[in-house]
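Be aware that the sequence shown starts at 129, since it is given in the numbering used here, and climbs by one per residue. Data first, discussion second: the structure below is written as structure tokens.
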Amino acid sequence: MFLPHELIILILLRLPVKSLIRFKCVCKSWFSLISHDPHFANSHFQLTAATHTHRIMFRTPISEIRSVDLEASLHDDYAFMLPEPYTDLNIKASSRGFIVFNCASNIYLWNPSTGAQKQIPSPPNDYYLNFAGFGYDPSEDDYLVVSVSYDSIPNSDDKLSHLEIFTLKANVWKETVGTTHWPYCSKIVSSYYPMVDSFFNGAIHWLAFRHDIGVYVIVAFRLTERELLLIPLLDDIHDHSNDIHNHSNDRDLWVFRGSLSLWVSGDHKVDIWVMEEYGVHSSWIKTLVLSIDAFPYLYPICCTKSGNIVASNGWIGLVKYNDKGEFLEHNSYDEDARGSKMTLYTESLLSLPNDIQKFAESADLIAPRAPLLWVFGEFISLWSRGGYDTIVEIWVMKEYKVHSSWTKILVLPIDFISTRYFLPLCSTKSGDIIGTDGSVGLVQYNDKGQLLDNQSNSHERGGYEVTVHTESLLSLPGEQDLPED
């Protein structure tokens with residue numbers, strides 16, 4: 129059946145990102161459309177905005193990245209190992225499918241769905257402690273990273289701060305006018321905090337302390353206008369704020385049910401406040417109270433489409449409550465008490481303006497792969513990478529030396545991170561396919577191309593040889609017997 133090109137595009141625009149990535153191997157026109165057409169990527173993002181599934185991404189102490197679908201069970205998570213040199217990264221924030229993270233002394237913007245990546249220069253001052261937020265300016269089609277830098281006050285523990293922004297298109301850091309020796313200091317970030325940024329209503333928001341009068345305020349940086357806005361808190365909220373260093377009285381901003389929100393933790397509970405009318409001081413109202421008797425800490429992160437609340441347990445675990453504040457489920461992903469930096473993100477096909485690179489370039493994964501021979505079952509077989517390294521195709525010669533008997537029998541999906549170096553080795557008697565993951569580990573697919581297992585014994589890639597062998601008692605011709613004792 130023939131389908132018009134326009135209808136095909138309309139169908140593709142309604143598919144999830146994961147499916148589109150796999151469909152790039154169908155034909156050259158689909159590959160070009162999905163990989164390189166910014167209008168298609170933007171249309172897909174806008175069209176699916178209402179149905180976007182938010183995910184949480186975080187790193188464990190063993191350099192494992194996990195991604196959790198907020199609408200599914202917290203136990204239905206996806207884990208993968210980061211290749212060198214990005215194993216020691218710190219996740220900061222996200223916008224439109226892009227993740228901001230720093231690794232060693234470098235800062236990166238990265239789309240984990242497509243691999244688009246860009247390293248940006250470090251700000252003039254220490255960015256690690258002073259990161260404030262990340263967002264998109266639609267008026268300029270530009271992404272901005274915001275950093276707060278501090279100057280110490282002589283004979284005082286207080287600090288003065290000033291604001292710097294990085295614009296991706298200009299590729300420079302600029303200090304915001306009027307913020308030199310600004311009397312607002314961002315909250316001291318605990319290692320337990322999930323570090324979920326609060327981008328809302330076109331502005332990046334964060335909680336700051338005005339040390340000259342001793343009160344907390346909300347600082348908002350409007351990306352389009354490049355200007356700052358101060359939003360005061362109600363006195364009732366101030367009454368809950370005693371010591372920012374005391375975990376029993378933590379507080380932070382987030383977005384809750386379409387409104388800017390503040391949570392305050394103390395007395396074995398978390399109070400959730402929302403600003404019903406943005407920017408209006410008197411519109412703050414307490415909407416919900418969560419009990420935290422079962423957990424040492426509880427830091428709200430986001431609200432799902434169904435109204436459930438997802439929070440961090442202060443370590444490396446997530447907790448889910450329903451819209452009435454009743455406990456639903458909990459899952460711990462690691463017992464390390466150092467916590468983890470988390471961010472919300474949505475999958476997208478979007479590319480960065482200017483200097484688009486590929487996260488896989490350092491591993492030489494962009495060049496086309498020549499097919500390689502192996503034996504699959506009882507047949508001579510070829511395998512090759514396709515779809516921009518998103519699949520491995522397996523062909524067999526069903527009738528030996530007959531050219532026309534070559535048949536493609538299987539397509540294995542290759543995840544960009546966890547199985548990106550997959551190399552087939554052999555097939556089992558049951559039809560499963562065993563291969564190497566490119567490090568000291570093995571990967572197993574079933575006869576339908578579904579991933580069954582991925583066991584890695586090292587985080588280091590390369591540096592070893594592997595072969596398939598069978599055990600036997602055979603001797604070589606002419607081999608002498610060993611002398612008896």
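Beta carbons are placed, not taken as given, at the ideal position from N, Cα and C, and that holds for glycine. Keep in mind it's a predicted model, so treat the numbers as computed, not measured.
Annotation for W534: no alpha helix (DSSP H) segment contains it, though the beta strand (DSSP E) segment containing it runs W534 to P541.
For S163 and I149, the gap between their C-alpha atoms comes out near 8 Å. K529 counts as exposed, since fewer than 16 other beta carbons sit within 10 angstroms of its beta carbon. H458 and L601 have their C-alpha atoms some 54 Å from each other. When the beta-carbon positions are compared, P541 and G505 stay at least 8 Å from each other. By the Cβ neighbour-count rule, T471 is buried, with 16 or more other Cβ atoms within 10 Å of its own. Rounded to the nearest whole angstrom, the CA to CA distance from N574 to D205 is 21 Å. Rounded to whole angstroms, the Cβ separation of F507 and V524 is 4 Å, and the two are in contact under 8 Å.
I519 is the residue among I519, V596, L570 and V571 whose C-alpha sits nearest the C-alpha of C153.
For Q583 and Q572, the gap between their C-alpha atoms comes out near 9 Å. Look at I346 here: in three-state DSSP terms it is strand.
Taken in chain order, the complete beta strand (DSSP E) segments of 3 residues or longer contained in the region 191-247 are 192-197, 205-209, 217-223, 226-231 and 234-238. With a cutoff of 8 Å on beta-carbon distance, I227 and I219 are scored as near each other. By the neighbour-count criterion, in which 16 or more other beta carbons inside 10 Å mark a residue as buried, T242 falls on the buried side. Residue burial is scored here from C-beta neighbours: F337 has at least 16 other C-beta atoms within 10 angstroms and is therefore classed as buried. Distance from the CA atom of V408 to the CA atom of V402, rounded to whole angstroms, is 11 Å.
Looking at the DSSP output, P428 shares a beta bridge with A439. Taken through DSSP and simplified to helix, strand or coil, F550 comes out as coil.
Look at the beta carbons and you see the region 390-405 touching the region 413-431: at least three pairs across the two are nearer than 8 Å. S222 places its beta carbon 8 Å or farther from that of S250. Secondary structure of K397 (DSSP, three-state): strand.
Per the coordinates, the alpha-carbon of P360 lies some 8 Å from the alpha-carbon of Y344.
For E134, the uninterrupted alpha helix (DSSP H) segment begins and ends at H133 to L141. In this structure, T474 lies near H182, with their beta-carbon atoms less than 8 Å apart.
L217 and V145 have their alpha carbons spaced roughly 24 Å apart. Short of 8 Å from the beta carbon of G559, and not among the five residues preceding or following it, lie these beta carbons of its own chain, in chain order: G505, N574 and D575.
V276 is positioned such that its CB atom lies no closer than 8 Å to that of F294. Counting along the chain, no beta strand (DSSP E) covers V145; the unbroken alpha helix (DSSP H) around it starts and ends at V145 to F151. Across the set I332, L426 and R354, the C-alpha of I332 shows the shortest separation from the C-alpha of L388.
Setting aside the 5 residues that flank it on each side, L161 is surrounded in the same chain by F168, each with a C-beta closer than 6 Å to its C-beta; the list follows chain order. In terms of Cα proximity to F259, the closest of W511, T179, L335 and K297 is L335. The alpha-carbon of I346 is positioned some 15 Å away from that of L291. Here Y271 is bridged, per DSSP, to Y264. The beta carbon of D269 sits closer than 7 Å to the beta carbons of P481 from its chain, once the five residues preceding and following it are set aside; these are given in chain order. Taken atom to atom, the span from the alpha-carbon of L143 to that of S460 is near 32 Å. The C-beta separation of V383 from S326 comes to about 6 Å, placing the pair in contact by the 8 Å criterion.
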